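For the sequence shown, the residue numbers in this note's numbering are 9 to 158.
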Amino acid sequence: MTDALLAASHFIAILVMVTFLSIETALARPAWMPAAVERLPRYDRLYQLTLALVLITGILRLFAGAKGATFYLANPLFHVKISLFVVMILLALPVSRQLRAWQRARRSDPDWIPAQPALRRLRILLMLAAHLLVLIPILAALMARGYGLG
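Here you go:
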C-alpha cells in the first residue's frame, strides 16, 4: 500500500508540475504581455514548488518504495533520468531571476513590457525544460522493464 501511495503522489506531483510549466510557457508570449508579467512569477513559484514535490516524492520512492534503492542506483538509465531532472531545475533558475526582474520593472513603470529578445530567451529556456521532461517518462518506462541493468 505504501508503494502505491508513493507512486500516486509522485505521478500527481509530476502532472501538476507539467501543468505549471505549460502555463508558464503559454504565458511567455508577446500576445499575453503586459498582463502576463504579473502572473508569470506566481506560476513560476508554483512550478518550483512542484519541482520540489517531484524531487521529494521521488526520493521517498527511491528509499521507501517496493523496488528499493539498489534497483534504481544500479541502473545507468536512472542516473540519466536524474541528470535530466537536475538540468530542468537549473533551467528554472535563470527563468525565475528574469521573471522577478520583469516584475520589478513593471512595478516601477506600469507601461513596461519585456523586450522581444528577452522574452524569446525566456521561452527557449521553458521549452528546453519541457522537451527534457518528455524524455524522463521514456527512461522510467525502460527502467521499469529492466533496460539498463546489463
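Where is the CB? At the ideal position from N, CA and C, for every residue including glycine.
These figures come from a predicted structure and were not determined experimentally.
Asked, Found
"Exposed unless 16 or more other CB atoms sit within 10 angstroms - verdict on residue 28", "buried"
"Of the residues 48, 18 and 38, the one placed nearest residue 62, counting alpha carbons only", "18"
"Alpha helix (DSSP H) segments (min. 4 residues) lying fully within the stretch 55 to 114", "76 to 81"
"Cα-Cα separation between residue 141 and residue 113, rounded to whole angstroms", "31 Å"
"Exposed unless 16 or more other CB atoms sit within 10 angstroms - verdict on residue 164", "Past the boundaries of the shown model lies residue 164; the chain is included only from 9 to 158, so the question cannot be answered."
"Secondary structure of residue 120, DSSP reduced to three states", "coil"
"Residues near residue 219 in its chain [Cβ-Cβ closer than 7 Å; skip 5 each side]", "It is not possible to answer for residue 219, since the shown part of the chain is limited to 9 through 158."
"Inter-stretch contact at 8 Å, needing at least 3 Cβ pairs: the stretch 29 to 45 / the stretch 123 to 132", "yes"
"Buried or exposed (CB count within 10 angstroms, at least 16 for buried), residue 81", "exposed"
"Rounded separation between residue 24 and residue 16 - CA only", "12 Å"
"Cβ neighbour criterion (16 or more within 10 Å) applied to residue 146", "exposed"
"Given residue 87 as reference, the closest of 148, 14, 68 and 126 once Cα atoms are compared", "148"
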